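Start counting the sequence shown at 13; every next residue gets the next number (the numbering used here).
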Amino acid sequence: MTTIAVLGAGKIGEALLSGLLQGGREADDLLFTEKHPERAAALTERYGVEGLDVPGAAQRADVLVVAVKPQDIEPLLDELAPVLKPGTLVVSLCAGLPTSLYERRLPDSTPVVRVMPNTPMVVGEAMSAISAGRYATDEHLNLVEELLGTVGKVARVPENQQDAVTALSGSGPAYFFYLVEAMIDAGILLGIPRDLAGRLIIQSAVGAATMLNEGGQHPVILREAVTSPAGTTIMAIRELEKHGVRAAMLAAIEAARDRSVELGRGHEAG
């Protein structure tokens with residue numbers, strides 16, 4: 013069996029470990045690194061997976077999943093470079109970091125796959141986009157798809173689209189949370205208790221997402237089905253358009269894309 017080490021067992025790293033175990037991987041085939049000893053001990057107790065340091069993980073694993081924050085990548089690569097085994101697959105879950113960074117800092121011909129996941133991974137509903145680096149093959153991509161398929165859905169994209177993917181689906185859950193928060197506030201403004209407003213809006217969001225996912229219809233068609241002539245919904249839509257909500261969303265996603273690009277450029281000379 014392939015031995016997989018998750019480098020950085022934060023929320024995303026832990027979610028991946030949990031998903032791999034639920035997907036049928038044996039705990040003995042998984043490893044993780046975690047800089048806080050108390051958390052490392054808790055994860056080992058919870059999942060039965062061994063925690064160890066970065067050099068130890070690199071020496072034993074066939075696949076290294078890098079799940080640290082982008083600002084922590086440089087010291088991690090400094091640790092990895094001298095000990096990485098030839099042929100080890102490196103899977104990067106770090107927002108904005110290109111495969112070329114790893115290829116430049118790690119031993120020659122290291123296969124790298126770049127991934128942009130999102131936080132619904134913690135409930136097994138992630139959307140992950142994957143891209144092959146210079147030395148990664150279809151076999152490597154197939155393996156990464158299999159691994160990430162345990163925690164959600166996976167799409168292959170060219171790496172030059174990864175910054176846009178980061179803005180759309182990587183940051184995407186936050187936009188929905190923001191909208192739900194605003195709608196709950198509106199319910200309170202209209203005199204509905206917070207708890208009830210939350211239940212109304214959250215279930216509406218779940219139902220709407222299910223319709224989008226399972227019905228195969230364009231969101232415009234679904235929205236028009238709710239929008240009766242001179243009804244309540246069209247009045248609300250008019251206000252959204254009047255206040256530039258659509259334009260604001262476009263600008264917000266562009267800003268997120270630009271920030272992803274900046275994160276990558278910050279490591280160009282690394």
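Glycine included, C-beta positions come from ideal geometry on N, C-alpha and C.
Since the structure is predicted, the reported quantities are computational estimates derived from the model, not experimental observations.
Which residue wins for smallest C-alpha separation from residue i, given the options the options?
i: Leu32; options: Gly228, Val77, Arg211, Tyr147; result: Val77
i: Lys97; options: Ala70, Asp150, Val166; result: Ala70
i: Ile24; options: Asp41, Thr45, Thr14; result: Thr45
i: Gly182; options: Ala79, Thr100, Leu55, Ala107; result: Ala107
i: Ala53; options: Gly243, Val218, Glu115, Ala21; result: Ala21
i: Gly184; options: Gly276, Glu266, Glu115, Gly36; result: Glu266
i: Ala264; options: Gly203, Pro129, Phe188; result: Phe188
i: Pro170; options: Ala186, Thr111, Leu155; result: Thr111
Any idea what DSSP makes of residue i, helix, strand or coil?
i: Gly276; result: helix
i: Thr244; result: helix
i: Glu38; result: coil
i: Gly145; result: coil
i: Val125; result: strand
i: Leu33; result: helix
i: Pro82; result: helix
i: Gln71; result: helix
i: Ser183; result: coil
i: His255; result: coil
i: Pro87; result: helix
i: Gly282; result: Note that Gly282 scores a pLDDT of 48, beneath 50, so its modelled location is shaky; the value from the coordinates is reported in the next line. Gly282: coil per DSSP, three-state reduction.
i: Leu96; result: coil
i: Leu202; result: coil
How long is the line joining the alpha carbons of residue i and residue j, rounded to whole angstroms?
i: Arg283; j: His279; result: What is shown of the chain runs 13 to 282, which leaves residue 283 out entirely.
i: Ala148; j: Val125; result: 7 Å
i: Glu157; j: Val166; result: 6 Å
i: Arg258; j: Pro241; result: 21 Å
i: Thr178; j: Leu160; result: 16 Å
i: Thr222; j: Thr122; result: 40 Å
i: Leu153; j: Arg146; result: 12 Å
i: Lys120; j: Leu101; result: With the sequence shown as reference, residue 120 is identified as Asp, and Lys is not the correct amino acid for it. Approximately 12 Å, taken between the alpha carbons.
i: Val127; j: Asp175; result: 11 Å
i: Ala248; j: His255; result: 11 Å
i: Gln83; j: Glu236; result: 44 Å
i: Ala198; j: Val192; result: 10 Å
i: Ala220; j: Gly228; result: 12 Å
i: Arg58; j: Gln34; result: 13 Å
i: Ala260; j: Arg269; result: 14 Å
i: Tyr190; j: Ala144; result: 32 Å
i: Leu28; j: Val103; result: 12 Å
Excluding the 5 residues preceding and the 5 following residue i in the sequence, name in chain order all residues of the same chain whose CB lies nearer than 6 Å to its CB.
i: Leu89; result: Arg117
i: Ala17; result: Leu43, Ala69, Ala73, Leu76
i: Arg168; result: Ile142
i: Val80; result: Gly20, Leu88
i: Gly60; result: Ala39
i: Thr162; result: Gly31, Leu32, Gly35
Between which residues of its own chain and residue i is the CB-CB distance below 7 Å, once the five residues before and five after are set aside?
i: Gly282; result: Its pLDDT being 48, under 50, Gly282 is placed unreliably by the model, and nothing is read from it.
i: Gly164; result: Pro132, Met133, Gly136, Glu137, Ala138, Met139, Ser140
i: Gly63; result: Phe44, Thr45, Glu46, Ala52, Leu55, Thr56
i: Leu92; result: Val66, Ala70, Leu118
i: Leu105; result: Ile24, Val77, Val78, Ala79, Val127, Pro129
i: Val309; result: Because the chain here runs from 13 to 282, residue 309 falls outside it and cannot be looked at.
With DSSP as the reference, identify every bridge partner of residue i, one or two as the case may be.
i: Phe44; result: Val18, Gly63
i: Gly164; result: Ala138
i: Val77; result: Val18, Val103
Got a sec? Which residues, its chain only, sit under 8 Å from residue i by beta carbon, not counting five neighbours each side?
i: Ile196; result: Arg206, Ala209, Gly210, Ile213
i: Thr15; result: Asp41, Leu42, Leu43, Arg72, Ala73, Asp74, Val75
i: Ile200; result: Arg206, Ala209
i: Leu234; result: Ala220, Met223, Leu224, Gly227
i: Leu109; result: Pro82, Ile85, Arg126, Leu275, Gly276, His279
Following a CB-centred definition, is residue i positioned closer than 7 Å to any heavy atom of the ligand ZN?
i: Leu43; result: The ligand ZN is not part of this structure, which contains no ligands at all.
Of all Cβ atoms in chain C, is any one closer than 8 Å to the Cβ of residue i?
i: Arg250; result: Here chain C cannot be found, since the structure has a single protein chain.
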